[in-house]
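K.L.:
The numbering of the sequence shown is this note's numbering, which starts it at 337 and goes up by one.
Heads up, the beta-carbon is just placed ideally off N, CA and C, and yes, glycines get one too.
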Amino acid sequence: AQAIETQKIQQRPITISTKNMSLALVHSQCRCIKHSWQYRCSVFRSPRLFDRFSTAARKWPVLVGVVTCFVKGSCADMFAQHYVEGRQKIDRGRCLGFALFSGIYTGLVQNCIYNNLYSILFGRKATLFVACQKSICDAVFHNPLLYLPVGYVASNVFCGEDPWAGLRKYRGEALTATITCAAVWVPAHLVTFSVCPPHLRIPWTALVSSCWLVVMSTMAHSSSAKE
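1) Should residue 443 be labelled buried (16 or more other beta-carbon atoms within 10 Å of its own) or exposed?
2) If we call anything under 8 Å between Cβ atoms a contact, is residue 538 one with residue 405?
3) Once the 5 residues before and after residue 532 are set aside, which same chain residues still bring their CB inside 6 Å of it?
4) Going by C-alpha to C-alpha distance, which of 530, 535, 523 and 534 sits closest to residue 544?
5) Is it buried or exposed for residue 425, if we count other Cβ within 10 angstroms and need 16 for buried?
6) Which residues in the same chain have their Cβ closer than 8 Å to the Cβ of residue 546, if we skip the five residues on either side of it in sequence?
7) Which residues bound the alpha helix (DSSP H) around residue 431?
8) Near residue 490, which residues of its chain fall below 7 Å by C-beta distance, leaving aside the five closest residues on each side in sequence?
9) Kindly provide the ranges of any alpha helix (DSSP H) runs that are 4 or more residues long and lie completely inside the segment 383-434, ordered along the chain.
10) From which residue to which residue does the alpha helix (DSSP H) around residue 516 run?
11) Give the straight-line distance between the Cα atoms of residue 403 and residue 389, rounded to the nearest whole angstrom.
12) Cβ of residue 469 less than 8 Å from any chain C Cβ?
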């Protein structure tokens, strides 16, 4: 009887130990599943690509603006040539011209205008009133007097045509182009100057102008496509 009791006492810790090990294993598996699920949710919710782009734009605002606008200009004009104008063969010279125009003018010149010149003229406050002032100034002065004429001339130059013909064409289409431009950019620039931080203004402008450049490209080269 004493031997049997001793054997039960020796077996009792083994049973408890096995039970504890089982509970520890289940608990460990539950923790692993929980951490795995939390990691997947965090990856799904974290905009890592946008964060990296925003960090790069904050660190190199001019370079990121120029590269973004160059790629945007090229893609927008290829889309305009192939899908809007129905060309079977892409005019690479014209595509390069719009890419260079977009990269240099939109990425570089407009960066100076939006983030420097307008800040000097109207201040740096991101209020709706200041945004309205900047947007109206852009629509009344910058677009019809500088942006659109340069765009028409640049498109003719890179297509091997007379640059003065581009100015004459713009003179005939100035009112239509200015109204169309204002209809697109006044609402867009209310967001530019009231919501977007300075380092993301040019990328936001590039996003909106992807659609606008298709319109501008088609208007500037409608006669060439017919020929």
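P.N.:
Checking against the coordinates, here is how it stands:
1) One-based indexing of the sequence shown puts residue 443 at position 107. Buried, because 16 or more other Cβ atoms sit within 10 Å of the Cβ of residue 443.
2) Translated into the one-based positions of the sequence shown, residue 538 becomes position 202. Translated into the one-based positions of the sequence shown, residue 405 becomes position 69. Closer than 8 Å, so yes.
3) Numbered from its first residue, the sequence shown carries residue 532 at position 196. Excluding positions up to five away in sequence, the list reads 540.
4) Your numbering for residue 544 matches position 208 in the sequence shown. The residue among 530, 535, 523 and 534 with its C-alpha nearest the C-alpha of residue 544 is 523.
5) Here the question's residue 425 lines up with position 89 in the sequence shown. Looking at its Cβ environment, which holds fewer than 16 other Cβ atoms inside 10 Å, residue 425 is exposed.
6) Against the sequence shown, residue 546 aligns to sequence position 210. 408, 411 and 412, listed in sequence order.
7) Counting from one through the sequence shown, the residue named residue 431 turns up at place 95. Per DSSP, the continuous alpha helix (DSSP H) segment holding residue 431 begins and ends at 428-437.
8) As a position in the sequence shown, residue 490 is number 154, starting the count at 1. Taken in chain order, the residues that qualify are 433 and 437.
9) Runs of the alpha helix (DSSP H) inside the segment 383-434: 384-395 and 397-415.
10) Residue numbering aside, residue 516 sits at position 180 when the sequence shown is read from its first letter. Segment 499-530, the alpha helix (DSSP H) holding residue 516.
11) Along the sequence shown, one-based indexing puts residue 403 at 67. Along the sequence shown, one-based indexing puts residue 389 at 53. The C-alpha of residue 389 is placed about 12 Å away from the C-alpha of residue 403.
12) Among the protein chains of the structure shown there is no chain C, as only one such chain exists.
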